[in-house]
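Residue numbers (the numbering used here): 595 to 867. One structure is given here, and the rest of the page talks about it.
Here it is as structure tokens:
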């Protein structure tokens with residue numbers, strides 16, 4: 595039976611994986627990947643080579659994967675990894691670590707990847723479970739549930755609950771900074787997504803955390819830099835690229851200013867320990 599609805603979107607596969615696995619592969623299909631547990635290391639680059647996600651600790655995330663993307667992953671036992679396969683051309687690379695979703699009734703640009711907070715992860719699990727049941731159901735009516743659950747999942751991933759922005763805009767900005775894995779969004783744009791101007795939210799952020807959003811972002815970026823430099827198979831240049839630096843020299847300058855030594859020296863010392 596063809597998996598389609600009135601929008602003519604074909605959902606070709608819905609699958610869940612739980613076994614440990616280490617692999618590097620190039621996608622031949624368009625996928626929506628959602629990981630909700632036990633991801634030890636994940637690195638994703640779009641067909642152009644633009645890195646859009648690097649995870650070095652167990653954090654839930656979602657990725658919209660165009661065909662031709664490179665995925666390097668290492669999952670532990672008990673992983674909770676979901677894969678939804680879409681038709682060729684449904685997801686294509688756009689600009690600035692973004693993708694375009696294109697099928698009848700859907701033509702939008704969206705971030706290629708992002709981390710999920712606790713609420714998003716729980717909601718995603720619910721929608722994915724419904725999708726899996728509906729996909730394998732022989733009932734014709736199950737296709738309605740399949741499509742509705744898919745669009746609800748997309749909405750959950752792309753448009754997080756706005757209640758946090760209303761209740762605690764500083765925390766909302768902090769989460770958006772952490773979720774901007776490729777560090778491609780300007781802080782002013784992240785602030786506007788929280789419903790406030792950059793200047794106003796900077797004051798709220800500093801009052802809440804005792805540090806400016808810019809300083810927090812720099813510190814978080816440098817924390818990730820150390821994690822990535824600790825991986826033997828990543829060079830300093832590759833780490834710089836994954837952290838959104840246009841040139842390795844800019845990354846080296848920022849790292850040395852923050853830690854008092856170059857990333858190359860830090861990596862060499864770690865290798866000797």
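Virtual Cβ for every residue (Gly too), placed ideally from N, Cα, C.
Inter-residue spacing [alpha-carbon to alpha-carbon] between residue i and residue j
| i | j | result |
| --- | --- | --- |
| residue 730 | residue 773 | 33 angstroms |
| residue 770 | residue 784 | 7 angstroms |
| residue 559 | residue 652 | A question about residue 559 goes unanswered here, because the residues of the chain that appear run from 595 up to 867. |
| residue 670 | residue 615 | 7 angstroms |
| residue 799 | residue 805 | 7 angstroms |
| residue 825 | residue 624 | 28 angstroms |
| residue 745 | residue 735 | 16 angstroms |
| residue 654 | residue 867 | 31 angstroms |
| residue 695 | residue 861 | 39 angstroms |
| residue 691 | residue 763 | 25 angstroms |
| residue 656 | residue 859 | 34 angstroms |
| residue 812 | residue 833 | 15 angstroms |
| residue 814 | residue 778 | 14 angstroms |
| residue 682 | residue 739 | 23 angstroms |
| residue 817 | residue 840 | 19 angstroms |
| residue 782 | residue 801 | 18 angstroms |
| residue 709 | residue 719 | 14 angstroms |
| residue 803 | residue 768 | 10 angstroms |
| residue 649 | residue 626 | 17 angstroms |
Below-7 angstroms beta-carbon distance, residue i vs any chain C residue
| i | result |
| --- | --- |
| residue 713 | Here chain C cannot be found, since the structure has a single protein chain. |
Cβ-Cβ separation, residue j to residue i (assumed contact under 8 angstroms), whole Å
| i | j | result |
| --- | --- | --- |
| residue 633 | residue 606 | Contact flag wrong, Cβ pair sits at about 24 angstroms. |
| residue 809 | residue 849 | Rounded, the Cβ-Cβ distance is 15 angstroms, inconsistent with contact. |
| residue 766 | residue 750 | Contact doesn't hold; Cβ gap of about 16 angstroms is too wide. |
| residue 822 | residue 836 | 6 angstroms |
| residue 693 | residue 747 | Actually they are not in contact, since the Cβ atoms of residue 693 and residue 747 sit about 16 angstroms apart, beyond 8 angstroms. |
| residue 647 | residue 707 | 4 angstroms |
| residue 752 | residue 704 | 5 angstroms |
| residue 685 | residue 660 | 5 angstroms |
| residue 797 | residue 807 | In fact, because the Cβ distance is near 10 angstroms, the residues do not count as touching under 8 angstroms. |
Element boundaries [beta strand (DSSP E), containing residue i]
| i | result |
| --- | --- |
| residue 666 | 664-680 |
| residue 650 | Run containing residue 650: none; DSSP gives neither H nor E here. |
| residue 694 | 692-697 |
| residue 655 | 655-659 |
| residue 686 | 685-687 |
The alpha helix (DSSP H) enclosing residue i, as first and last residue numbers
| i | result |
| --- | --- |
| residue 721 | 712-729 |
| residue 611 | No alpha helix (DSSP H) contains residue 611, which is instead part of the beta strand (DSSP E) from 607-611. |
| residue 816 | 807-823 |
| residue 853 | 842-853 |
| residue 709 | Residue 709 -> not in any alpha helix (DSSP H); beta strand (DSSP E) instead, spanning 707-709. |
| residue 749 | 736-752 |
| residue 772 | 763-773 |
Cβ neighbours of residue i in the same chain (closer than 6 angstroms, five flanking residues each side left out)
| i | result |
| --- | --- |
| residue 609 | 677 |
| residue 668 | 616, 634 and 635 |
| residue 603 | 697 |
| residue 543 | For the chain, the structure presents residues 595 to 867; residue 543 sits outside this window and is missing. |
| residue 852 | 816 |
Exposure of residue i, with buried meaning 16 or more beta-carbon neighbours within 10 Å
| i | result |
| --- | --- |
| residue 680 | buried |
| residue 611 | exposed |
| residue 868 | Because the chain here runs from 595 to 867, residue 868 falls outside it and cannot be looked at. |
| residue 663 | buried |
| residue 645 | buried |
| residue 642 | exposed |
| residue 827 | exposed |
| residue 793 | exposed |
| residue 639 | buried |
| residue 713 | exposed |
| residue 702 | exposed |
Close Cβ partners of residue i (< 7 angstroms) along its chain, the five nearest in sequence each way excluded
| i | result |
| --- | --- |
| residue 717 | 750 |
| residue 743 | 721, 724, 725 and 728 |
| residue 856 | 846, 849 and 850 |
| residue 619 | 665 |
| residue 687 | 640, 641, 642, 660 and 693 |
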